[in-house]
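There are 2 protein chains.
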Amino acid sequence: MAHPAEDVRPPTMADVAREAGVSHQTVSRVLSGHPNVRAVTREQVTLAIERLGYRRNSAARALVTRRTRTLGVIAVNTALYGPASTLTGLEEAAREEGYLVSTVSLRTGGGQGLKDAIDHLAAWGVEGVVAITPQRSHVQALAELDAPFPVVTVEGGHQLDLPGVSLDQELGARMVTEHLLAAGHGNVWHVAGPDDWLESEARTAGWRAVLEESGIRPPRVLTGDWSPLSGYRAGQELAGLALARRGATPVTAVFVANDQMALGVLRALREGGIRTPAQVAVAGFDDIPEAEFFPPPLTTVRQDFAAIGRRSIGLLVDHIEGRARKAEHLLVEPQLIMRASTRPLNEA
Amino acid sequence: MAHPAEDVRPPTMADVAREAGVSHQTVSRVLSGHPNVRAVTREQVTLAIERLGYRRNSAARALVTRRTRTLGVIAVNTALYGPASTLTGLEEAAREEGYLVSTVSLRTGGGQGLKDAIDHLAAWGVEGVVAITPQRSHVQALAELDAPFPVVTVEGGHQLDLPGVSLDQELGARMVTEHLLAAGHGNVWHVAGPDDWLESEARTAGWRAVLEESGIRPPRVLTGDWSPLSGYRAGQELAGLALARRGATPVTAVFVANDQMALGVLRALREGGIRTPAQVAVAGFDDIPEAEFFPPPLTTVRQDFAAIGRRSIGLLVDHIEGRARKAEHLLVEPQLIMRASTRPLNEA
DNA sequence: CACGCTGTTGTGAGCGCTAACAATCAAGCT
DNA sequence: AGCTTGATTGTTAGCGCTCACAACAGCGTG
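Here it is as structure tokens:
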């Protein structure tokens with residue numbers, strides 16, 4: 222029951238051939254831009270195609286060429302700014318390369334969910350997959366899954382032998398931390414992202430490295446879950462510390478691992494009667510569109526998501542088309558965006 | 222040059238048939254769950270499939286069934302919270318219905334971009350398309366394009382005869398405006414979204430309707446472009462009006478057409494020395510995750526993006542599978558989220 | 001015991017396309 | 001003229017699958 226309304230079949234290559242008075246093979250040649258076709262013939266075929274409104278049947282083509290020219294994307298949490306932006310970059314790059322992109326969004330990336338996603342994509346014959354799986358456990362699961370096509374990770378770290386593209390998170394964290402030290406702060410507190418996330422780890426590592434290289438003992442790390450609420454809670458704790466002035470490390474500067482949590486921190490500080498940046502400077506990471514309008518405008522690290530998308534597709538297509546370099550990992554440079562939330566103390 | 226590394230072809234149905242000692246047709250029957258297969262036979266086939274790691278070739282299947290079981294999604298501005306969330310809902314719903322979703326993201330939805338997107342999707346044989354095209358001109362272009370498959374719009378309005386699903390924007394706007402009036406404000410100002418957007422129009426219409434029904438003359442509408450910056454500019458103007466106290470309509474309450482602009486408005490008011498909500502109440506629309514942590518937490522309207530996604534896919538599949546109802550338009554109910562930014566005056 | 005029925009399996013055709021090869025023709029060379 | 005060459009076109013054989021139909025068993029019925 223229930224079939225498409227129109228029972229008239231779309232025209233086939235044979236129909237076009239008949240209309241143009243040539244063989245179907247000639248039509249095929251015109252369509253794939255083969256050079257050895259007389260200009261006149263090409264013209265006739267093109268006209269016939271237009272007259273009939275012909276469209277090449279992709280299934281038939283895929284069947285014989287064994288190429289579906291379809292790529293899959295698996296993404297966790299696509300509603301967040303980062304993944305969503307990457308997705309756009311990915312799709313545009315793929316389209317330019319002549320591939321179609323099919324997306325599977327997972328709410329939470331449990332191992333089973335990942336396996337199902339891979340199966341779903343495999344069932345439609347994708348030739349490769351880009352996985353936006355920023356959690357360590359997901360990358361682990363992915364590596365063990367052994368998919369029947371190349372898989373490239375985004376923000377997947379480079380410990381495992383899956384090829385991938387990442388922002389240089391550690392460099393970004395270094396930039397922020399150095400910027401805060403340069404602004405005259407004797408130390409920098411850190412509100413990290415959740416434990417399992419590779420981005421958290423890298424950002425924390427960069428922050429810690431800069432402090433240690435400067436001979437500063439890193440204070441205790443506070444941990445959030447990327448949400449504004451968790452930032453708010455961390456901010457309340459920081460506000461308490463800043464006001465109490467007990468403990469060895471005064472709170473004058475905070476590097477928060479993403480902008481959303483930074484928003485929460487800012488609110489908590491404000492509620493604690495602490496002025497930003499005069500009393501405590503705050504910096505984030507991501508440069509979400511709202512960051513410029515936070516109270517105060519937030520110093521943060523911008524990621525070039527389009528570049529990340531472009532390079533992952535490039536890497537994936539390289540693997541698919543056989544000019545693969547094994548488990549290569551590309552890094553994209555971040556950019557420090559300085560705003561009022563970390564204005565040097567003497568200017569505030 | 223450059224072909225997939227593995228030259229060994231994946232197993233076919235015939236291979237499985239041989240392995241299981243049956244005909245390829247029996248394998249097909251097992252795969253598609255045909256009832257008339259002996260349990261023993263089914264078992265043998267299943268085992269053979271597993272032994273060989275067989276996967277049904279989707280291209281061959283699509284060729285003969287004339288069904289690709291693929292849906293397209295065209296979205297403008299996928300990095301925004303709304304479209305990104307809708308996309309997730311869409312994809313999950315489609316997966317449940319047994320379809321693959323292919324996305325095309327457009328930066329700006331010029332008519333040509335839309336046409337290219339449709340062509341791109343058509344070239345891969347999608348059976349239908351969901352278009353997230355919230356601008357009037359896009360919907361117009363879409364209606365004129367006359368795609369070779371059903372098209373369902375999201376937030377596409379119901380003027381044109383394209384079927385679609387929308388949030389009841391007007392109702393949302395009414396809820397906010399009524400809420401502000403109920404809180405004791407004599408009038409409500411409005412910062413609208415850009416002109417071409419159907420969402421802007423509906424939100425403005427809802428706001429205006431409530432005021433007029435209450436016998437209040439709506440003040441001049443300020444217009445932004447959804448960005449925090451444009452909200453900031455509108456906020457500066459409002460701050461000026463609020464302080465000058467000239468003009469007939471005092472500024473005590475503002476309904477901003479989205480949360481991002483509301484963020485800008487809040488900042489401008491704060492910079493103008495105006496307290497929210499004590500002096501001016503502000504409400505937004507969308508309930509982005511950050512809204513709860515704005516200074517102060519923002520009263521806004523929440524949209525059930527998952528529901529919107531589910532219902533659009535439902536509508537599209539109905540059209541594809543022939544049980545189409547012509548150009549039907551579904552509305553999803555919004556939800557008013559009350560927070561501190563509009564706390565009644567006597568509580569502040 | 002012939003007949004029809006139902007359940008189970010197999011056979012053959014063909015979906016619309018590309019790849020490989022064959023055929024044809026004009027041009028260029030010896 | 002006879003031969004090679006290259007450009008242009010046509011012919012044929014599948015790609016891996018589902019559909020329609022045929023074949024055959026086992027069973028009950030008149």
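Top to bottom, those sequences are chains A and B.
Under this note's numbering, the residue at position 256 of the first sequence is numbered 477, and the numbers go up by one with no gaps.
Under this note's numbering, the residue at position 178 of the second sequence is numbered 399, and the numbers go up by one with no gaps.
All residues carry an ideal CB built from backbone N, CA and C; glycine is no exception.
No experiment lies behind these values; they were computed from the predicted model shown.
Check, Outcome
"Partner residues on chain A for B:Y453, Cβ-Cβ distance less than 7 Å", "F514"
"Proximal residues of chain B, C-beta to C-beta of A:E271 below 9 Å", "Here the premise fails: no neighbours, minimum Cβ distance about 14 Å."
"Beta carbon of A:V553 nearer than 8 Å to that of A:V386", "yes"
"B:S562 burial status per 10 Å Cβ neighbour count (16 or more: buried)", "buried"
"Inter-residue spacing [alpha-carbon to alpha-carbon] between A:Q268 and B:R282", "Here residue 268 of chain A is Leu; the residue named in the question, Gln, does not match the sequence. Roughly 31 Å separates the two Cα atoms."
"Contact list for B:P449 against chain A, beta-carbon separation under 8 Å", "P510, E511, E513, F514"
"Residue-chain proximity (A:Q481, chain B), Cβ-Cβ < 8 Å", "yes"
"Rounded Cβ spacing between B:G407 and B:A478 (contact assumed at less than 8 Å)", "Not really, about 21 Å apart at Cβ, beyond 8 Å."
"Residues of the stretch 325-350 of chain B whose Cβ lies closer than 7 Å to any Cβ of chain A, in chain order", "V325, S326, H341, A343, A344, W345, G346"
"8 Å contact criterion, which A:P439 and A:L432 should meet: CB distance rounded", "5 Å"
"Identity of the residues DSSP links to A:R538 by a beta bridge", "The displayed chain sequence assigns Val, not Arg, to residue 538 of chain A. In DSSP, A:V538 forms no bridge with anything."
"Any chain A beta carbon closer than 8 Å to B:R491", "yes"
"DSSP-derived helix/strand/coil call for A:S253", "coil"
"Within-8 Å CB hit, A:R316 to chain B", "yes"
"A:H406 in three-state terms, based on DSSP", "coil"
"Presumed contact (8 Å Cβ cut-off) between B:F526 and B:S306, rounded CB distance", "4 Å"
"Host beta strand (DSSP E) of B:H550 (start-end)", "550-553"
"Close-in-space but distant-in-sequence residues of the same chain around A:V229 (CB under 7 Å, 5 per side omitted)", "none"
"Under 7 Å by beta carbon: chain A residues contacting B:Y302", "A300"
"Backbone CA spacing between B:A362 and B:L419 [nearest angstrom]", "14 Å"
"7 Å Cβ cut-off: residues of chain B touching A:S306", "A300"
"Euclidean distance between Cα positions of A:D508 and B:L321", "32 Å"
"Pairwise C-alpha distance: B:D539 and B:K547", "10 Å"
"Partners in chain A for B:G485, counting only beta-carbon separations shorter than 8 Å", "F514"
"Cβ-Cβ separation, A:R544 to A:P518 (assumed contact under 8 Å), whole Å", "About 45 Å; that fails the 8 Å criterion."
"The stretch 456-465 of chain B / the stretch 482-494 of chain B touching (three or more Cβ pairs under 8 Å)", "yes"
"Beta-carbon contacts of B:E434 that lie in its chain and below 8 Å, excluding the five residues immediately before and after", "none"
"Span of the alpha helix (DSSP H), counted from its first residue to its last, around B:S435", "Per DSSP, B:S435 belongs to no alpha helix (DSSP H) and is neither H nor E."
"Residues, ordered as in the chain, of the stretch 273-284 of chain A that lie near chain B by beta-carbon distance below 9 Å", "G274, R276, R277, N278, S279, A280, A281, R282, A283, L284"
"Proximity below 8 Å, CB of A:A404 to CB of A:P516", "no"
"Counted within 10 angstroms of its Cβ, other Cβ atoms place A:N298 as buried (16 or more) or exposed", "buried"
"Three-way DSSP call (helix, strand, coil) for A:T444 in this model", "strand"
"Span of the alpha helix (DSSP H), counted from its first residue to its last, around B:T354", "First-last for B:T354: undefined, no H or E at that position."
"Within chain A, the residues that B:E313 reaches when beta carbons sit closer than 7 Å", "S326"
"Residues of the stretch 433-448 of chain A with Cβ closer than 9 Å to any Cβ of chain B, in chain order", "S448"
"Continuous alpha helix (DSSP H) assignments of at least 4 residues falling wholly in the stretch 358-406 of chain B", "390-403"
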